[in-house]
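Every letter in the sequence shown is one number past the one before it in our numbering, and letter 342, counting from 1, is 1707.
Cβ coordinates follow ideal geometry from the N, Cα and C atoms, glycine included.
Structure first, then comments.
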Amino acid sequence: MDGTRVAVINDIVTWATKPLNKDTHPQPSNVGGILWLYGMPGIGKSSIAHSICRRLHESKQLGGSFFCRRDDPVLSETKTVLPTLIYGLAGRFGPYRTCVAQALRDDPQLNPQSASEELFLNTLKALKTHPRRTSVLVIDALDECGKSTTRRQLLGQLMEACKQNQWLKVIVTSRPEHDIQSFFNENGVSGRDLSQDDQDRNDIRHFTEARMKWVANKQNQDPEQLIGEGRLGRIVNRSGGLFIFVETLIQYLVRYRDPKPPLNRLLQGPSEEASVELHKLYLAAIELHIKAVEAEFRLMTRVVIGVAPHRALCDESIAAFTGVQLASISSWVDDLSSLLYRDELIKNGIRVRHASILDYLIGSFCPLDFRVDVKLANIELSSYCLQAMIAGLRFNICELETSYLPNSGIEDLNERVQRNISDILQYSCLHWASHLCSNLDLASKEICEDLDKLLKSERILYWLEVLSMMGEVPAAIVALRNLITCSKVRLSCCANTQNCNSRSEQKFDDQIVKLAEDALRFVYAFAGPISTSAPHIYLSALPFTPIESSIWKNACRSFPKLMRVSEGRMQKWPTSARFGEGHTYSVECVAYSPDGRSIVSGSLDHTIRIWDAVTGATVGDLLKGHTDCVASVVYSPDGRNIVSGSWDQTIRIWDAATGAPVGGPLIGHTSNVVSVAYSPNGRNIVSGSDDSTLRIWDAVTGAPVGEPLKGHASDVTCVSYSPDGRRIVSSSWDRTIRIWDAVTGAPVGEPLQGHTLYVTSVAYSPNGRNIVSGSWDETIRIWDLFTGALVGEPLKGHTDHVLSVAYSPDGLNIVSGSSDYTVRTWDAAAGVPIGEPLKGNTNDVTCVAYSPDGRNIISGSSDNMIRIWDAATCASIRGSLEVHNAMVTSIAYSPDGRNIVSGFMDNTIRIWDAATGAPISEPLKGHTGNVLSVAYSPDGRNIASSSLDHTIRIWNAAAGSPICEPLKGHTSLVGSVAYSPDGRNIASGSNDHTIRIWDAATGSPVGEPLKVPLKGVKRVTYSPDGRRIISACVFGIQIWDVATREAVGRPLKGYTGSVRSVAYSRDGGKFVSSGSDMIRIWDAVTGVPIGKPLKGHDAVGSVAWSPDGKNIVSGSDDGTIRIWDAVTGAPIGKPLTGHTKKVASVAYSPDGRYIASGSSDCTIRIWDAAAGALSLTS
1366 MDGTRVAVIN DIVTWATKPL NKDTHPQPSN VGGILWLYGM PGIGKSSIAH SICRRLHESK
1426 QLGGSFFCRR DDPVLSETKT VLPTLIYGLA GRFGPYRTCV AQALRDDPQL NPQSASEELF
1486 LNTLKALKTH PRRTSVLVID ALDECGKSTT RRQLLGQLME ACKQNQWLKV IVTSRPEHDI
1546 QSFFNENGVS GRDLSQDDQD RNDIRHFTEA RMKWVANKQN QDPEQLIGEG RLGRIVNRSG
1606 GLFIFVETLI QYLVRYRDPK PPLNRLLQGP SEEASVELHK LYLAAIELHI KAVEAEFRLM
1666 TRVVIGVAPH RALCDESIAA FTGVQLASIS SWVDDLSSLL YRDELIKNGI RVRHASILDY
1726 LIGSFCPLDF RVDVKLANIE LSSYCLQAMI AGLRFNICEL ETSYLPNSGI EDLNERVQRN
1786 ISDILQYSCL HWASHLCSNL DLASKEICED LDKLLKSERI LYWLEVLSMM GEVPAAIVAL
1846 RNLITCSKVR LSCCANTQNC NSRSEQKFDD QIVKLAEDAL RFVYAFAGPI STSAPHIYLS
1906 ALPFTPIESS IWKNACRSFP KLMRVSEGRM QKWPTSARFG EGHTYSVECV AYSPDGRSIV
1966 SGSLDHTIRI WDAVTGATVG DLLKGHTDCV ASVVYSPDGR NIVSGSWDQT IRIWDAATGA
2026 PVGGPLIGHT SNVVSVAYSP NGRNIVSGSD DSTLRIWDAV TGAPVGEPLK GHASDVTCVS
2086 YSPDGRRIVS SSWDRTIRIW DAVTGAPVGE PLQGHTLYVT SVAYSPNGRN IVSGSWDETI
2146 RIWDLFTGAL VGEPLKGHTD HVLSVAYSPD GLNIVSGSSD YTVRTWDAAA GVPIGEPLKG
2206 NTNDVTCVAY SPDGRNIISG SSDNMIRIWD AATCASIRGS LEVHNAMVTS IAYSPDGRNI
2266 VSGFMDNTIR IWDAATGAPI SEPLKGHTGN VLSVAYSPDG RNIASSSLDH TIRIWNAAAG
2326 SPICEPLKGH TSLVGSVAYS PDGRNIASGS NDHTIRIWDA ATGSPVGEPL KVPLKGVKRV
2386 TYSPDGRRII SACVFGIQIW DVATREAVGR PLKGYTGSVR SVAYSRDGGK FVSSGSDMIR
2446 IWDAVTGVPI GKPLKGHDAV GSVAWSPDGK NIVSGSDDGT IRIWDAVTGA PIGKPLTGHT
2506 KKVASVAYSP DGRYIASGSS DCTIRIWDAA AGALSLTS
């Protein structure tokens, strides 16, 4: 109000608008250009902030502002503060706007929401031109935004920005909450207590007098009679300086025709503390209007407060939810206008006027007759939402006339949504799961029945239709993940409690969880079409849903006229969640989130990835920032952050929800950081390094706590906190285990000794009594924490280094990962292995961990893959690889390396997942004779095949369907096909002694056949530049000019038998050929053999050059595969054995890391090209 807080506002504006080197005001310290204003609720902080913003805007020095609000889902999130300030500052200052735009162009993955700190600080640092005058950022009511940890992080970022930029200042207002106050105290900012301002009492008196006169005038009363007789002074005394008291009183009195009697009642008795007087006023306002209907009032207020974190609801929606008459709802809101109001910006949603009213209604100071039980509110709202969805969801809810338009093409989409989808249905579809999962209590029978009706019917598709229409499909993923997770967390909590240990104690029964998991797979699989066009839930997604999926089973009867998929449809969702597909090098570390919903992994490729623990889908973008191997990752106990340790000698903290870095890197170690762990309370982080030390860090500020912990004589390999947080255990290459006091950093007792080689991993038992360790000596040892003595004999069974160990959440079992490529589980009490080793990894198992509920085990491996295992059955959740019973004749990798195509003697073609070995679709059928050759087009979209039936076929690689009629012209079997490098043509070689060239788009022949002077063409391939075709024939090789279609030189001879295979080097300067008696390398220009023949194989049927040109791989009729040095011609390592019959075809993966081989033994095998070890069999 004009005329109040003038001195305070002037003082602050004066400070804000002067350069830092000219600061004289205000008196409280404002280190780094940041000022903190604080006071109790209702003292007028927000009004002051608004006035300051208005003044700064008038002087064109307001850089940006953010007004936090607890009951607003956007304004209560700290992650939205910096993006808002970035936008405001960019709008005011052109050079900064240019820097922001350039940063976003330079890094397309960078966005203000997920990487706001990086964008904010880096763009400020990049500024070369600074404003002539100060720019001021204002944040009001910070205490109503986020959690204590995120608030401190935000303040740290703002302080850093001010320190680096003398022209930038920040003003923060809040209640004096402990986390905010401690932050400013630690950083030398004492703040300004608004209740201690000398002008405060005069301002409140002036404000009260003006507002009381307004009431009097409103009711045609004499102002002097209303505020006379000492009433004005008594009101000021009772307010205790709280403007909200006066404003609430005004809204209360204005409802009366004669406000004097109710005012006199309120002023009876002695004055009390300001907060007590405020609560008495709130109670008086409620009691006046709510008498015999307390139950209905509580019902209404439970809805108002329960929905506040999501979106306020209007009178009509609350009436529809609760069943209370609309007239009653409207009357109460009108009568309680001193406490409640209708917000026109959100469809007249009912909100409290001040956060202190919210505190009062849910706090212990509110009488039980009117107090709101938030837990009960969420239970009721989850029921209301489910019932609204069951009743309101229907097919084509927005009455679309056509399915041909995407959602974005429907001009009146918003109008259709508002007309056809009621407000409570919109709210319910978005927030039902949030209410349902707000606590871990067992769901009622009624709730479970309603959930069953939603998930086990076509309503699940109708729900997705509504979300599609609203542009909120990601909300489905959030809801379903919440549903799955809260049930598993409940089970995990029960498993660790003696009185709660049965499976029936989970929040929902197994059937509901399975239905939710199936729905989640459906949304992940078809999120694209669902988001693009609601009708395509039914037209595109549903027809391709696996037949065994509950979504299909429960919906197919309602849609009998769906498109039928004749081939290529899955029977069930892939059993293998394709974890690890994003990492390009070894997975070094994995960890579950505390709720079991997500998995985080770190890799030798310098990146961190987050995965959905149910589906294996990646969640969000790569976490980038480390410049070397990420050796260790772990979630904070509250699941909000991830900490990582890297060989770049730093530790980084990340926001688990957005993937954004939290603060800068933690620097202090002088060598690789190999292990990190959070303390159980989440306040500290411990790290272990190759510099032989441990360091403890403040998890909020990132500052080191105390000196490094020294004692190990060599590299520290692993660190872990005890369950009570009082101890830290570490292992080292010095073959010892050490225990440390987590507070003082002093060693506790003597080192634990017994391992004979490096100790690689340590972990505490859940009860804190024992420690388990793994070592290069191939053993696992269990130690008594209190005596330091070995418990029992070492656990033996691994045949190579033990690299990782972990306890199950109940402490009964231990899991270990080893360089012998296996995972083992052990009985922790008996020290004996449980079942057989878990096999499936094709390289070192570098890390293992249990899921929080103990049901699953996760392992990471140097084969770049993450695998999940059932902890009870010790079976891979991937399932077994499918086999086939026809000889393999030809194989080829897709250009992206993800798939392998193979041709078979049973006339079919199959496509396989290169990572899992699983078939991707049904066999491609059409040939009437053996398929002899297959090849991918350079763009990976099509596949060409040739056959004993004299034809060539072209197939759509994704759909598995032929794209044209068979290519006919050859008069004998077609033994080979190859795409030109530009993908425009296909060359085919046949036993009719000709090579034909075909138009890859139309399938028509291009020119006349190339007539080979030699007998039958066994293999054809294009040179990398597309200018030559080389053909392997009986007794010789012929090169052709593609442009002139003429033979280049004479046939190259030197074989005593048939030349069966030929392949160009990547640079086109050489080619390699194989025959019945040897392998030769040739100069592609001169046609002269290079060096001596490569001998060691008999009857080599296939050769391929590695993508880097350094090696050659060959497959032989003797069932073996050999790798050769392409320069020296020497064999590399021993032959790769495993096939039981002749190897018909070999191929390198595009990245050169794997070799695929196909054999007459009816198998395809994938080999590690570097190690020469078997990676996968299909």
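- Excluding sequence positions up to five before and after Cys1418, its CB lies within less than 8 angstroms of the CB of Leu1427, Ser1430 and Val1503, all in the same chain and listed in chain order.
- For a cut-off of 8 angstroms, the C-beta gap from Gly2348 to Ser2298 is around 17 angstroms, too long to register as a contact.
- With distances taken between CA atoms, Tyr2172 lies nearest to Asp2218 out of Asn1602, Ile1849, Asp1544 and Asp2218.
- Considering only Ile2394, Tyr1950, Arg1736 and Pro1959, the residue with the shortest C-alpha distance to Ile1973 is Tyr1950.
- Unbroken beta strand (DSSP E) runs of no fewer than 3 residues, entirely contained in the stretch 1526-1599, are found at 1533-1539, following chain order.
- With a cut-off of 8 angstroms on Cβ pairs, the stretch 1791-1805 is in contact with the stretch 1832-1844, counting three or more such pairs.
- Apart from sequence neighbours up to five positions away, the residues of its chain that approach Asp2278 with a beta-carbon distance below 6 angstroms are Ile2285, ordered along the chain.
- Within 10 angstroms of the beta-carbon of Glu1423 lie fewer than 16 other beta-carbons, which makes it exposed.
- Of the candidates Ala2408, Val1446 and Arg1420, the residue whose Cα lies closest to the Cα of Phe1432 is Val1446.
- In the DSSP assignment, Leu1790 forms no beta bridge with any residue.
- Looking at the DSSP output, Tyr2186 bridges to nothing.
- Unbroken beta strand (DSSP E) runs of no fewer than 3 residues, entirely contained in the stretch 2498-2529, are found at 2508-2513 and 2519-2524, following chain order.
- DSSP places Thr2101 in the strand class (E or B) of the three-state scheme.
- In chain order, Ser1682, Ala1685, Phe1686 and Ala1753 place their CB closer than 7 angstroms to the CB of Ile1789, counting only its own chain and leaving out the 5 sequence neighbours on each side.
- With a contact defined as Cβ atoms closer than 8 angstroms, Gln1529 and Lys1493 miss out at about 14 angstroms.
- Between Pro2045 and Ile2093, the alpha-carbon positions lie close to 11 angstroms from each other.
- For His2166, the closest of Arg1934, Leu2150, Val2188 and Ala2111 by C-alpha to C-alpha distance is Val2188.
- With a cutoff of 8 angstroms on beta-carbon distance, Ser2438 and Asp2463 are scored as not near each other.
- Apart from the 5 residues on each side of it in sequence, Arg1517 sits with its Cβ closer than 7 angstroms to the Cβ of Asp1544, Phe1548 and Val2065 in its chain, given in chain order.
- Ranked by Cα distance from Trp2191, the first of Glu2201, Asp2185 and Trp1579 is Glu2201.
- Across the structure, Ile2404 and Ile2394 are spaced so that their CA atoms are roughly 6 angstroms apart.
- Here DSSP, grouped into helix, strand and coil, assigns Ala2171 to strand.
- By the Cβ rule, the stretch 2228-2238 does not count as touching the stretch 2491-2503, because fewer than three pairs are nearer than 8 angstroms.
- Counting C-beta atoms within 10 angstroms of its own C-beta, Gln1467 has fewer than 16 neighbours from the protein chains shown and is therefore classed as exposed.
- With contacts defined by Cβ atoms closer than 8 angstroms, Ala1677 and Asp1700 do not form a contacting pair.
- Its Cα nearest to that of Ser2302, the residue Asn2350 stands out among Asn2350, Thr2293 and Leu2338.
- Annotation: the stretch 2059-2135 contains the following complete segments of the beta strand (DSSP E) (minimum length 3 residues), in chain order: 2081-2086, 2092-2097, 2101-2106 and 2124-2129.
- Under the three-state reduction of DSSP, Thr2386 is assigned to strand.
- Under the DSSP assignment, Gln2403 falls in the beta strand (DSSP E) whose first and last residues are Gly2401 to Asp2406.
- Around Phe1485, the same chain offers Leu1447, Leu1450, Ile1451, Gln1522 and Ala1526 as residues with beta carbons nearer than 8 angstroms, after the five sequence neighbours per side are excluded.
- Judged by DSSP secondary structure, Lys2435 falls within the beta strand (DSSP E) whose first and last residues are Lys2435 to Gly2440.
- A residue is called buried when at least 16 other Cβ atoms come within 10 angstroms of its Cβ; Ile1877 meets this threshold and is buried.
- Here the alpha carbon of Gly2076 sits roughly 8 angstroms from the alpha carbon of Ser2057.
- With a cutoff of 8 angstroms on beta-carbon distance, Val1668 and Ala1742 are scored as near each other.
- Judged by DSSP in its simplified three-state form, Thr1443 adopts helix.
- In the structure shown, the three-state DSSP call for Phe1485 is helix.
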